[in-house]
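Student: Numbering (our numbering), first residue to last: 1323 to 1514.
Before anything else, here's the structure in question.
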Ligand code: GRF
């Protein structure tokens, strides 16, 4: 497999639009990047983000599968083949099993649209607005068996204004996500 000197190979799992994937690919082309996106895998063969990976000639796979177990087994085979150093979940909407984490045996990172440990799971922006929080944000954390609970690598806040609604907050947080994921990966790889 092609190795880029000085850069570690990462795999990215996506489920849909792939705007975080885009920001990672963009960053990986720069001098500051410590990583290269070697392969992109999706549990949804129609995922928009796969097209972006193709555009950059990055190997990508939309895995059609009956259930989570078959997705995990197929993707584990691919991850073994590509021998990546790190797996990054970016808008990947399935919960990875403990068995997968054990079998993969390399670190896995995830991006979550809240200031963890607040608002694990879905509908983070709805909950932040409903609770009249002053801040929202995004977190990059290690993936463990417990949902959205692994060690925090990087986190960034945004202020919630009185005029914000779920839509505007989602947009603001996504902008932050695009800024911090690559930074967090670089930070993590430096200490790996
Ligand atoms: C992001 O907000 C991510 O944090 C969340 O789902 C969204 C996916 O966006 N889990 P994209 O597919 O990266 O554009």
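Think of the CB as a built atom: it goes at the ideal place given N, C-alpha and C, for glycine as much as any other residue.
Treat the numbers as computed from the prediction; the structure is a model and nothing was measured.
Please classify residue 1513: is it buried, with 16 or more other beta-carbons within 10 angstroms of its beta-carbon, or exposed?
Tutor: One-based indexing of the chain shown puts residue 1513 at position 191. Exposed.
Student: Pick helix, strand or coil for residue 1514, following the three-state DSSP scheme.
Tutor: As a first step, residue 1514 is located in the chain shown; it is residue number 192 there, counting from the start. Reduced to three states, the DSSP call for residue 1514 is coil.
Student: Is any non-hydrogen atom of the ligand GRF found closer than 7 Å to the C-beta of residue 1496, if you look at the structure I gave you?
Tutor: As a first step, residue 1496 must be located in the chain shown, where it is residue number 174. Under cutoff, so the answer is yes.
Student: Does the ligand GRF have even one heavy atom less than 7 Å from the beta-carbon of residue 1364?
Tutor: Counting from one through the chain shown, the residue named residue 1364 turns up at place 42. For the ligand GRF, not one heavy atom lies less than 7 Å from the Cβ of residue 1364.
Student: According to DSSP, simplified to helix, strand and coil, what is residue 1488?
Tutor: What you label residue 1488 is simply residue 166 of the chain shown in a count that begins at 1. Here residue 1488 sits in helix by DSSP.
Student: Can the beta-carbon of residue 1331 be found less than 8 Å from the beta-carbon of residue 1383?
Tutor: The sequence position of residue 1331 within the chain shown is 9, counting from 1. The sequence position of residue 1383 within the chain shown is 61, counting from 1. Taking 8 Å as the Cβ cut-off, residue 1331 and residue 1383 do not qualify as a contacting pair.
Student: Can you have a look at residue 1435 and say buried or exposed, based on whether 16 or more other CB atoms are within 10 angstroms of its CB?
Tutor: Here residue 1435 refers to the residue found at position 113 of the chain shown. It is buried - the Cβ of residue 1435 has at least 16 other Cβ atoms within 10 Å.
Student: Does the separation of the CB atoms of residue 1466 and residue 1437 fall below 8 Å?
Tutor: Walking along the chain shown from the start, residue 1466 turns up at place 144. Walking along the chain shown from the start, residue 1437 turns up at place 115. In this structure, residue 1437 does not lie closer than 8 Å to residue 1466 by Cβ.
Student: Could I get the ranges of all uninterrupted beta strand (DSSP E) runs contained in the region 1387 to 1433, with 3 residues as the minimum, in chain order?
Tutor: Listed in chain order, they are 1408 to 1411.
Student: Around the C-beta of residue 1507, are 16 or more other C-beta atoms found within 10 angstroms, so that it is buried, or is it exposed?
Tutor: What you label residue 1507 is simply residue 185 of the chain shown in a count that begins at 1. Label assigned to residue 1507: buried.
Student: Would you kindly work out how many angstroms separate the C-alpha atoms of residue 1399 and residue 1364, rounded to a whole number?
Tutor: On the chain shown, residue 1399 is found 77 positions in, with the first residue counted as 1. On the chain shown, residue 1364 is found 42 positions in, with the first residue counted as 1. Each residue's alpha carbon lies about 14 Å from the other.
Student: Please state the DSSP three-state secondary structure of residue 1328.
Tutor: On the chain shown, residue 1328 is found 6 positions in, with the first residue counted as 1. If DSSP states are grouped into helix, strand and coil, residue 1328 belongs with coil.
Student: Am I right that residue 1335 and residue 1409 are in contact with their C-beta atoms under 8 Å? What's the rounded C-beta distance?
Tutor: Taking the chain shown and counting its residues from 1, one reaches residue 1335 at position 13. Taking the chain shown and counting its residues from 1, one reaches residue 1409 at position 87. With 8 Å as the limit, residue 1335 and residue 1409 qualify as a contact, their Cβ atoms being about 7 Å apart.
Student: Buried or exposed: where does residue 1457 fall if 16 or more other Cβ atoms within 10 Å of its Cβ makes it buried?
Tutor: Walking along the chain shown from the start, residue 1457 turns up at place 135. Label assigned to residue 1457: exposed.
Student: Could you tell me if the beta carbon of residue 1434 falls within a distance shorter than 7 Å of some heavy atom in the ligand GRF?
Tutor: As a working mapping, residue 1434 is identified with position 112 in the chain shown. Result yes, Cβ under 7 Å from the ligand GRF.
Student: How long is the line joining the alpha carbons of residue 1448 and residue 1439, rounded to whole angstroms?
Tutor: The residue labelled residue 1448 in the question sits at position 126 within the chain shown. The residue labelled residue 1439 in the question sits at position 117 within the chain shown. In a straight line, the C-alpha of residue 1448 is about 16 Å away from that of residue 1439.
Student: Relative to the C-alpha of residue 1484, which candidate in 1348, 1368, 1451, 1392 has its C-alpha closest?
Tutor: The count along the chain shown starts at 1 and reaches residue 1484 at position 162. Checking every option, the nearest Cα to that of residue 1484 belongs to 1451.
Student: State the DSSP-derived secondary structure class of residue 1278, mapped to helix, strand or coil.
Tutor: One cannot answer for residue 1278 here, as it falls past the ends of the chain, which runs 1323 to 1514.
Student: Look up residue 1462 in the DSSP assignment and say whether it is helix, strand or coil.
Tutor: Indexing the chain shown from 1 puts residue 1462 at position 140. Strand, per DSSP.
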